[in-house]
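In our numbering, the protein residues as written are 401 to 691. Glycine included, C-beta positions come from ideal geometry on N, C-alpha and C. Please read these numbers as outputs of a predicted model, since none were measured by experiment. One structure is given here, and the rest of the page talks about it.
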Amino acid sequence: MARMARMAKEQSQSSIKPETDEKARDDEAPTLVDSSNDMDHDNDESTSNSEPFQHFPPDTAPTFLSSIAIRAFLLGVTFAFSISLTSGLLFLPPTPNPIWRAPFFLATLSLFHFLEYLLTAHYNPTYADISAYLLSHNGLAYNLANGAAMAECIITSLFFPAWQARLSNPGTVPFGLAAVVLGQLVRSAAMATAGTNFNHIVQTKQNAGHVLVKRGVYAWLRHPSYFGFFWWGLGTQVVLGNVVCLVGYAVVLWKFFSSRIFREEEYLVAFFGQEYVDYRKKTMVGIPFIF
401 MARMARMAKE QSQSSIKPET DEKARDDEAP TLVDSSNDMD HDNDESTSNS EPFQHFPPDT
461 APTFLSSIAI RAFLLGVTFA FSISLTSGLL FLPPTPNPIW RAPFFLATLS LFHFLEYLLT
521 AHYNPTYADI SAYLLSHNGL AYNLANGAAM AECIITSLFF PAWQARLSNP GTVPFGLAAV
581 VLGQLVRSAA MATAGTNFNH IVQTKQNAGH VLVKRGVYAW LRHPSYFGFF WWGLGTQVVL
641 GNVVCLVGYA VVLWKFFSSR IFREEEYLVA FFGQEYVDYR KKTMVGIPFI F
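Rendered as structure tokens:
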């Protein structure tokens with residue numbers, strides 16, 4: 401009996417040991433579940449539901465997406481309000497009010513920034529973060545330039561309409577509008593055509609899948625997004641009648657794109673070699689004196 405009791409005790413201890421070892425292995429195993437996340441990850445369904453946020457920490461994904469939505473909403477409201485105000489000031493009697501140019505500028509800006517994010521999200525979603533709106537990521541100089549353009553427009557509209565009319569009049573406004581529309585269309589087409597090869601930041605290393613795009617607008621222009629923004633910017637200043645800012649925009653944008661294109665093409669030659677050299681000979685930049 402004593403021998404049977406000892407055998408039963410040994411069997412009981414051996415049956416407990418694997419369970420203890422199993423528990424120890426479970427405790428030591430790494431986990432991919434963030435303990436700060438209150439979601440249930442005990443089944444495959446809850447894990448798959450979290451996949452849309454896999455690139456962002458679980459506690460920041462909702463904030464990230466809400467920030468994107470808020471910006472889209474505010475840009476949409478600004479665009480709708482500005483277009484309505486522009487139409488009212490321009491077409492309602494007794495005469496067109498020259499201040500219509502200010503809300504027009506707001507409308508073009510809001511549409512531009514909304515399209516920057518929309519096209520990035522659709523054609524290159526990896527980079528569809530808040531910075532894709534380019535609202536605060538273009539630098540202080542960009543914001544100061546837009547602020548100066550709005551200030552000149554309002555001041556000349558209210559106090560110096562005759563000076564403003566020298567540049568913005570029935571004979572020149574159509575050309576300014578055409579430049580704005582053409583610039584926006586070409587830039588948007590460039591982003592759509594390049595797809596994942598388009599980036600707001602100059603790439604210093606050739607990423608996997610990075611190819612030289614030579615179709616669509618790239619068959620004629622090798623930097624169509626720069627071409628689009630350059631003429632879009634100048635077109636807005638013609639419509640606004642901003643003599644000072646038109647000159648300022650032309651100088652600043654030319655210097656910026658001249659330097660950027662030179663630097664970017666050095667990398668492109670390094671990436672694609674003779675292929676890019678031959679492509680460069682067949683295409684143009686479309687910005688004066690940048691070859």
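Please list, in chain order, all residues of the same chain as residue i whose beta carbon is under 6 Å from its beta carbon, the five residues on each side excluded.
| i | result |
| --- | --- |
| Val669 | Tyr676 |
| Trp632 | Val580, Gly583, Gln584 |
| Ser658 | Ile690 |
| Leu511 | Phe479 |
| Leu646 | Gln637 |
With distances taken Cα to Cα, identify the nearest neighbour of residue i among the options.
| i | options | result |
| --- | --- | --- |
| Phe505 | Leu485, Leu518, Leu567, Leu492 | Leu485 |
| Phe568 | Ser658, Arg663, Gln637, Tyr679 | Note that residue 568 is Ser in the sequence shown here, rather than Phe. Out of Ser658, Arg663, Gln637, Tyr679, Gln637 has the C-alpha closest to the C-alpha of Ser568. |
| Thr604 | Phe479, Phe672, Leu474 | Phe672 |
| Gln606 | Asn497, Val477, Glu665 | Glu665 |
| Leu509 | Val644, Lys655, Tyr667, Tyr542 | Tyr542 |
| Val617 | Leu577, Ala608, Gln674, Ser588 | Ser588 |
| Val685 | Gly628, Val652, Leu474 | Gly628 |
| Leu534 | Ile468, Pro503, Ile661 | Ile468 |
Would you give the residue range spanned by the alpha helix (DSSP H) that residue i belongs to?
| i | result |
| --- | --- |
| Asn543 | 540-559 |
| Cys679 | A small fix is needed here, since residue 679 is Tyr in this sequence, not Cys. It spans 674-682 - the alpha helix (DSSP H) in which Tyr679 sits, taken as one unbroken run. |
Compute the beta-carbon to beta-carbon distance between residue i and residue j, rounded to the nearest angstrom, for a pair I have assumed lies under 8 Å.
| i | j | result |
| --- | --- | --- |
| Tyr649 | Ala545 | 7 Å |
| Ile554 | Ile499 | 7 Å |
| Leu640 | Ala549 | 6 Å |
| Thr572 | Trp563 | The pair is not a contact, with the Cβ atoms about 14 Å apart (cut-off 8 Å). |
| His513 | Leu475 | 6 Å |
| Gly576 | Gly635 | 5 Å |
Using C-beta distances below 8 Å, list every residue in its chain close to residue i, excluding the 5 sequence neighbours before and after it, in chain order.
| i | result |
| --- | --- |
| Ala532 | Glu516, Tyr517, Thr520, Ala521, His600 |
| Tyr523 | Met591, Ala592, Ala594, Gly595, Thr596, Phe598 |
| His610 | Asn597, Gln603, Phe671 |
| Arg663 | Val602 |
| Arg660 | Val602, Tyr626 |
So, at 7 Å on beta carbons, what are the nonlocal neighbours of residue i in its own chain, with the 5 sequence-adjacent residues on each side left out?
| i | result |
| --- | --- |
| Tyr679 | Leu612, Lys614, Arg622 |
So for residue i, helix, strand or coil by DSSP?
| i | result |
| --- | --- |
| Leu621 | strand |
| Gly571 | coil |
| Asn524 | coil |
| Phe512 | helix |
| Lys614 | coil |
| Asn597 | helix |
| Gln584 | helix |
| Ala638 | Note on identity: in this sequence residue 638 is Val, with Ala being the wrong assignment. Helix at Val638. |
| Phe691 | coil |
| Gln564 | helix |
Sorry if obvious, but does the Cβ on residue i come closer than 8 Å to a heavy atom of the ligand SAH?
| i | result |
| --- | --- |
| Leu489 | Because no ligand of any kind appears in the structure shown, any question about the ligand SAH cannot be addressed here. |
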